[in-house]
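A.B. asks: Going by the working numbering, the sequence shown opens with residue -18, and the numbers climb by one from there.
I have a structure I would like to understand better, so I am pasting it below and will then ask my questions one at a time.
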Amino acid sequence: MPSVFFQTFGCQMNVADSSRIFDILAEKGFVSAETAAQADLLIVNTCSVREHAEQRAKTRISQFARERRNSGQKLWVIGCMAQRLGERLRDEVPGIDLVIGAKEMEDIRQRIEEHLPYGSECTAAAEKSSVTDFVPVMRGCDNYCSYCIVPYVRGSEMSIAPEKVEEQIEQKIAGGVKEITLLGQNVNSYSYEGCDFSDLLSRAASIDGLKRLRFTTSHPRDCSEKLVRTVASLPNVCNHFHLPVQAGSDRVLSLMNRGYSSGDYRSKVEMIRTYIPDADITSDILVGFPSETEEEFRQTLSLVSDVGFTTAFMFAYSPREGTAAASMKEYLSDKQKKQRLTELVNIQTEITREKYGQMIGKQVDVFVTGRQDRHDKMWMGQDNGCKRVLLGCNGAEAGLILKTRVIKSSGMTLIVERV
Ligand code: SAH
Ligand code: SF4
Ligand code: F3S
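Structure, rendered in structure tokens:
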């Protein structure tokens, strides 16, 4: 049987796309290869969000091309960088057999069928062991935050019909999945013939067999009271809001075209905590945006200290060709950006440590996701928010929700025992 090996970079949307492509290939008789060397087909799913992300993908593509064991092995490059660079990528990195851009995901089945090196059709179902999976509810983005390449490589925003979303979830549950994360660049602007995101969430949450439901990303501008109330009222929807703030200065937020002020953001956080006091709120933060002053950077640090994110993804600004910010004058050197990033990371790491530390002694419901590789006696899982958990006990099994107590925190992981 032909086999395929995936290397996926970037966000959860890419993970979902890779998994969808794998499902189509599995219908064609493909199995998953354990290593790249063994695979008949190599697929690199790429990200364009920062220069570094593209560099990493290019390095991996070149390596795959170089180490190709025979001419029969095919190399496909898909995703956001494939969209941005298109056929240019094949000149830059020799050895690529096929480039499929992120915007072509809509007709991906057809594209695959046109280019599949092996004709065999077979009905072997994909082996899937994961108890947690992603379901996109929308594609693309119309927000045009001035620093961001996503609207250019993913195209304009399009909501997927609620019936289709439900069908996807049901299929996954039938395959053993117990937890679903609904995906979109800005789920709060979901809209399909009168069904908004809160309505969709309620519909999805009521599907039989779904133990946990999550969603990401919430754009702070569009995060509504209705959504927060919906999350609060549905027991199987996790108490986690990924609410990227990006910056703490109003001038920078406005240059970023985010559509909210730092005051608006703080109010949203307060609203979430009024309805769901123990909700985990996480964020993306960007430092070194063109013309960001030291004082403005300090405003980001104050906001971070005041809000207390459970965790945050933090980045140094990376100019992306074709975006509005790329034509703004950059005042900061890479070194200055890095310094700001380090300072921010140190502060947030301390806050994360505190947030995890505060959990010691508390009871938490843990969703078990699987065994930890290195420690075969330990199980990994997640609490009802976003916190990582390790559980050392007999009787655990992927997909179960167990009542536990936190006995220790290792900074970014809770160690729990069953009660
Ligand atoms: N749709 C999500 C973000 C998707 S991109 C949202 O609106 O929040 C993920 C994160 O990458 C962004 O939140 C931002 O913090 C970061 N990012 C995007 N473009 C970037 C750039 N040019 N340089 C550095 N970080 C960037
Ligand atoms: Fe990028 Fe903004 Fe869209 Fe997020 S909302 S994907 S940051 S343009
Ligand atoms: Fe995601 Fe990167 Fe594309 S963040 S949408 S994979 S540019």
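Every residue gets a Cβ at the ideal spot worked out from N, C-alpha and C, and that includes glycine.
Pair every Cβ in the segment 23 to 34 with every Cβ in the segment -13 to 3, then say whether three or more of these pairs are closer than 8 Å.
C.D. replies: yes
A.B. asks: When you get a sec, list the residues whose CB is within less than 6 Å of any heavy atom of ligand 2, chain order please.
C.D. replies: C122, N124, Y125, C126, C129, V131, P132, Q166, N167, H200
A.B. asks: Under 6 Å from any heavy atom of ligand 1, does the C-beta of F296 make it?
C.D. replies: Position 315 of the sequence shown holds residue 296. Yes; taking the cut-off as 6 Å, the Cβ of F296 has a heavy atom of ligand 1 nearer than that.
A.B. asks: Return the CA-CA distance between L372 and H223, expressed in angstroms with no decimal places.
C.D. replies: As a working note, residue 372 is residue 391 in the sequence shown. As a working note, residue 223 is residue 242 in the sequence shown. One alpha carbon belongs to L372, the other to H223, and they sit about 25 Å apart.
A.B. asks: Do three or more CB pairs link the segment 164 to 173 to the segment 339 to 352 at distances below 8 Å?
C.D. replies: Because the criterion of three Cβ pairs below 8 Å is not met, the segment 164 to 173 and the segment 339 to 352 do not touch.
A.B. asks: Assuming contact is defined by CB atoms lying nearer than 7 Å, are T281 and A228 in contact in what I supplied?
C.D. replies: Residue 281 sits at position 300 when you count from the first residue of the sequence shown. Residue 228 sits at position 247 when you count from the first residue of the sequence shown. Yes, the Cβ-Cβ distance between T281 and A228 is below 7 Å.
A.B. asks: List, from N- to C-terminal side, the beta strand (DSSP E) runs of 3 residues or more that fit wholly inside the segment 227 to 282.
C.D. replies: For the segment 227 to 282, whole beta strand (DSSP E) runs of length 3 or above, ordered along the chain, are 261 to 268.
A.B. asks: Bridge partners of H221, per DSSP?
C.D. replies: On the sequence shown, position 240 is the one that residue 221 refers to. Partner(s): D261.
A.B. asks: For a minimum of 3 consecutive residues, which ranges assigned as the beta strand (DSSP E) are wholly contained in the segment 300 to 371?
C.D. replies: 344 to 352, 360 to 363
A.B. asks: Three or more C-beta pairs under 8 Å: does that hold for the segment 287 to 299 against the segment 252 to 268?
C.D. replies: yes
A.B. asks: Just to confirm, are F115 and Q(-7) a CB contact at a threshold of 7 Å?
C.D. replies: Here residue 115 refers to the residue found at position 134 when the sequence shown is read from its first residue. Here residue -7 refers to the residue found at position 12 when the sequence shown is read from its first residue. Yes, the pair counts as a contact, with Cβ atoms nearer than the cut-off.
A.B. asks: Could you pull out every residue in the same chain whose Cβ sits closer than 7 Å to the Cβ of S(-16), ignoring the five residues on either side in sequence?
C.D. replies: Stepping through the sequence shown from its first residue, residue -16 is reached at position 3. The answer, listed in chain order, is F11, V12, S13, A14, Q19, A20, D21.
A.B. asks: Quick one: Cα of A260 to Cα of R254, how far?
C.D. replies: Position 279 of the sequence shown, counting from 1, holds the residue named residue 260. Position 273 of the sequence shown, counting from 1, holds the residue named residue 254. Their Cα atoms are separated by approximately 7 Å.
A.B. asks: Quick one: does the C-beta of M252 sit closer than 6 Å to a heavy atom of ligand 3?
C.D. replies: For the purposes of this step, residue 252 is identified with residue 271 of the sequence shown, where counting begins at 1. Because no heavy atom of ligand 3 lies under 6 Å away, the Cβ of M252 does not count as near it: no.
A.B. asks: In the DSSP assignment, find the alpha helix (DSSP H) that holds S391 and state where it starts and stops.
C.D. replies: Looking up residue 391 in the sequence shown gives position 410. Neither: S391 is in no alpha helix (DSSP H) and is coded neither H nor E.
A.B. asks: Helix, strand or coil for E68? Go by DSSP, reduced to three states.
C.D. replies: Working through the sequence shown from its first residue, we reach residue 68 at position 87. If DSSP states are grouped into helix, strand and coil, E68 belongs with coil.
A.B. asks: Would you list the residues sitting across from G60 in a DSSP beta bridge?
C.D. replies: For the purposes of this step, residue 60 is taken as residue 79 along the sequence shown, with counting starting at 1. Paired residues: T27, G82.
A.B. asks: Pair every Cβ in the segment 322 to 339 with every Cβ in the segment 354 to 365, then say whether three or more of these pairs are closer than 8 Å.
C.D. replies: no
A.B. asks: Under 6 Å Cβ to Cβ from A83, same chain only, skipping five residues before and after it: list those, please.
C.D. replies: In the sequence shown, counting from the first residue as 1, residue 83 sits at position 102. Correct list, in chain order: G60, C61, Q64, V134, R135.
A.B. asks: Within a Cβ cutoff of 6 Å, which residues of the same chain sit near L79, ignoring the five residues on either side of it in sequence?
C.D. replies: Walking along the sequence shown from the start, residue 79 turns up at place 98. Hits under 6 Å: W57, H96.
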